[in-house]
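Read through the structure below, which is laid out as structure tokens, and then see the notes.
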Ligand SMILES: [Zn+2]
């Protein structure tokens, strides 16, 4: 039997929801992802709904960072929708999955920012091998201990901590680090964050602070290719 094309992703979406209802999130995920990708941005309510259910599948698959990324995108489309309350109940002040303590929230933000900076400098979001990964992770952990042990975060709000995290110096070894294009990428990225960080409302109109919305800190699960 010939199947009709599913350009708008309606059928994929229904299939994804059904599979999720049958407790098969691993099989639901590709359908829900395809449904979200097929939904035109002009149908913002529908897109919000699909991104919400994509996030629910990701949560059931224990991938909270990718789920939060999906909810963060969805809540901008409809600031009073389902995704917004799901996002607010799970996101910490950095727009990352909330951990068991404020210290862990700080650590994961620092860790993701520093690894992200390393990847930006390198011009790739992959570690070439375990040796490179171990060395970079150890340097980030050492820098974190130095920062936290010196008490330099005490009494700071999230925005002030973020600028301290971004500015903390780590002398990464150069694992084939980049040419001019990698350096340019870093400069542009930093200028934009410096200009927009802080407590100001996000320019997208979501009503959340910029640091928690479009300026949220991407988790390592969003950054790295495994
Ligand atoms: Zn925003």
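In the numbering used here, the protein residues as written are 1319 to 1544. The C-beta atom is built at its ideal place from N, Cα and C for all residues, glycine as well.
Would you kindly work out how many angstroms separate the C-alpha atoms of residue i and residue j, rounded to a whole number?
{"i": "residue 1383", "j": "residue 1484", "result": "20 Å"}
{"i": "residue 1358", "j": "residue 1368", "result": "11 Å"}
{"i": "residue 1327", "j": "residue 1538", "result": "29 Å"}
{"i": "residue 1339", "j": "residue 1472", "result": "45 Å"}
{"i": "residue 1395", "j": "residue 1386", "result": "15 Å"}
{"i": "residue 1478", "j": "residue 1337", "result": "44 Å"}
{"i": "residue 1355", "j": "residue 1332", "result": "14 Å"}
{"i": "residue 1491", "j": "residue 1452", "result": "12 Å"}
{"i": "residue 1422", "j": "residue 1412", "result": "12 Å"}
{"i": "residue 1418", "j": "residue 1541", "result": "22 Å"}
{"i": "residue 1536", "j": "residue 1468", "result": "26 Å"}
Is residue i helix, strand or coil when you go by DSSP?
{"i": "residue 1385", "result": "helix"}
{"i": "residue 1358", "result": "coil"}
{"i": "residue 1352", "result": "helix"}
{"i": "residue 1373", "result": "helix"}
{"i": "residue 1468", "result": "coil"}
{"i": "residue 1519", "result": "strand"}
{"i": "residue 1525", "result": "coil"}
{"i": "residue 1409", "result": "strand"}
{"i": "residue 1491", "result": "coil"}
{"i": "residue 1415", "result": "strand"}
{"i": "residue 1447", "result": "coil"}
{"i": "residue 1343", "result": "helix"}
{"i": "residue 1422", "result": "helix"}
{"i": "residue 1311", "result": "No information on residue 1311 is available, as it lies outside the stretch 1319 to 1544 that the chain covers here."}
Please tell me whether, using a cut-off of 7 Å, the distance from the CB of residue i to the nearest non-hydrogen atom of ligand 1 is below it.
{"i": "residue 1442", "result": "no"}
{"i": "residue 1522", "result": "yes"}
{"i": "residue 1448", "result": "no"}
{"i": "residue 1387", "result": "no"}
{"i": "residue 1394", "result": "yes"}
{"i": "residue 1531", "result": "yes"}
So, for residue i: in the same chain, excluding its five sequence neighbours on each side, which residues have a beta-carbon less than 6 Å away from its beta-carbon?
{"i": "residue 1444", "result": "1543"}
{"i": "residue 1532", "result": "1520 and 1522"}
{"i": "residue 1512", "result": "Because residue 1512 carries a pLDDT of 49, less than 50, the predicted location of this residue cannot be relied on, and the following value inherits that uncertainty. Correct list: empty, nothing qualifies."}
{"i": "residue 1376", "result": "1384 and 1385"}
Grab me the residues of residue i's own chain with a C-beta within less than 7 Å of its C-beta, minus the 5 sequence neighbours each way, in chain order.
{"i": "residue 1425", "result": "1462"}
{"i": "residue 1488", "result": "1432, 1457, 1458 and 1461"}
{"i": "residue 1381", "result": "1539"}
What does a CB cutoff of less than 8 Å around residue i pick up in its chain, not counting 5 residues either side in sequence?
{"i": "residue 1344", "result": "1379"}
{"i": "residue 1405", "result": "1386, 1389, 1390, 1392 and 1393"}
{"i": "residue 1486", "result": "1428, 1432, 1461 and 1465"}
Compute every distance between the C-beta of residue i and the non-hydrogen atoms of ligand 3, then say whether any falls below 7 Å.
{"i": "residue 1431", "result": "Questions concerning ligand 3 fall outside what the structure shown contains, since the ligands it does hold are ligand 1."}
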